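Reading the sequence shown from the start, the letters are residues -16 to 110 in this note's numbering.
A virtual CB, placed ideally from N, CA and C, is assigned to each residue, including glycine.
Computed from a prediction, not measured in an experiment: that's the story for all the values here.
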Amino acid sequence: TRLQAFDAYLLPHDEIPHVLKNLISLATDSELLLARGEYKAQAEMQGGFLRYGMTLPVKGDPQAIHTFILTALAQNRTLALEGIQFKREQIESPEIEARIQWVLLTRLPSDSQTATGSGSWASRRFE
-16 TRLQAFDAYL
-6 LPHDEIPHVL
4 KNLISLATDS
14 ELLLARGEYK
24 AQAEMQGGFL
34 RYGMTLPVKG
44 DPQAIHTFIL
54 TALAQNRTLA
64 LEGIQFKREQ
74 IESPEIEARI
84 QWVLLTRLPS
94 DSQTATGSGS
104 WASRRFE
């Protein structure tokens, strides 16, 4: 029953693009600049789920970055923060760059999704 509850909690695989669009929109609404992102899917066959790793570099006000992270986590129940790296060009600069590493847990794609090419989300970049 715990495994069934876990599976029911996971997002369907085809929701990945929707979550990604929402994260990008949330960053834009937070007045953050987005740089090139990286994505990589990793199937956890023993657990029966997919780990969809996303690295989203953003630049902006530190408080806006903090709010973006908290809001993204609150809005996406299967999104986890894996790590953050901060960089500031100059000590007096009001903006920072943050390389945010997320992981989204979803169900494995169905055979029909894999056959129709939905697996193209396996590893992508955006600018």
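Exercise. So Gln58 is in the alpha helix (DSSP H); what residue range does that whole segment cover?
Worked result: For the purposes of this step, residue 58 is identified with residue 75 of the sequence shown, where counting begins at 1. Looking at the DSSP string, the run of the alpha helix (DSSP H) that includes Gln58 is Pro45 to Gln58.
Exercise. For Met28, is the classification buried or exposed, using 16 other Cβ atoms within 10 angstroms of its Cβ as the cut-off for buried?
Worked result: Position 45 of the sequence shown, counting from 1, holds the residue named residue 28. When all chains shown are included, Met28 counts as exposed.
Exercise. Do you know offhand how far Thr99's Cα is from Leu64's?
Worked result: Here residue 99 corresponds to residue number 116 of the sequence shown, with the count starting at 1. Here residue 64 corresponds to residue number 81 of the sequence shown, with the count starting at 1. Its pLDDT being 32, under 50, Thr99 is placed unreliably in this model, and the coordinates cannot settle the point.
Exercise. Ser13: buried (16+ other C-beta within 10 angstroms of its C-beta) or exposed?
Worked result: As a working note, residue 13 is residue 30 in the sequence shown. It counts as buried.
Problem set entry | Cα-Cα separation, Leu33 to Ala(-9) | To locate residue 33, count along the sequence shown from 1; it is residue 50. To locate residue -9, count along the sequence shown from 1; it is residue 8. Cα-Cα distance, rounded: 14 Å.
Exercise. Just curious, the beta strand (DSSP E) that Thr89 is in, first and last residue?
Worked result: For the purposes of this step, residue 89 is taken as residue 106 along the sequence shown, with counting starting at 1. Note, Thr89: beta strand (DSSP E), Ile79 to Arg90.
Exercise. Rounded to a whole number of angstroms, what is the C-alpha to C-alpha distance between Asn59 and Leu(-7)?
Worked result: Taking the first residue of the sequence shown as position 1, residue 59 is located at position 76. Taking the first residue of the sequence shown as position 1, residue -7 is located at position 10. About 11 Å.
For this session: Below 8 Å CB to CB, which residues in the same chain sit around Leu16 once its five sequence neighbours on both sides are set aside?
Result: Residue numbering aside, residue 16 sits at position 33 when the sequence shown is read from its first letter. Taken in chain order, the residues that qualify are Val41, Lys42 and Gly43.
For this session: Can you say whether Pro92 is buried or exposed, counting buried as having 16 or more other CB atoms within 10 angstroms of its CB?
Result: Taking the sequence shown and counting its residues from 1, the one referred to as residue 92 is at position 109. Classification of Pro92: buried, given that the 10 Å Cβ count is 16 or more.
Problem set entry | Cβ separation of Leu87 and Leu62, assumed to be a contact under 8 Å, to the nearest whole Å | What you label residue 87 is simply residue 104 of the sequence shown in a count that begins at 1. What you label residue 62 is simply residue 79 of the sequence shown in a count that begins at 1. Indeed, because the Cβ distance is near 5 Å, the residues count as touching under 8 Å.
For this session: Consult DSSP for Gln96 and reduce its assignment to one of helix, strand or coil.
Result: Here residue 96 refers to the residue found at position 113 when the sequence shown is read from its first residue. Since pLDDT at Gln96 reaches only 43, below the 50 mark, its modelled position is unreliable, and the value read off the structure follows with that caveat. Gln96: helix per DSSP, three-state reduction.
Problem set entry | Alpha carbon of Ala18 to alpha carbon of His(-4), nearest angstrom | Position 35 of the sequence shown, counting from 1, holds the residue named residue 18. Position 13 of the sequence shown, counting from 1, holds the residue named residue -4. Their Cα atoms are separated by approximately 25 Å.
Exercise. Quick one: Cα of Gly36 to Cα of Phe69, how far?
Worked result: As a first step, residue 36 must be located in the sequence shown, where it is residue number 53. As a first step, residue 69 must be located in the sequence shown, where it is residue number 86. Roughly 19 Å separates the two Cα atoms.
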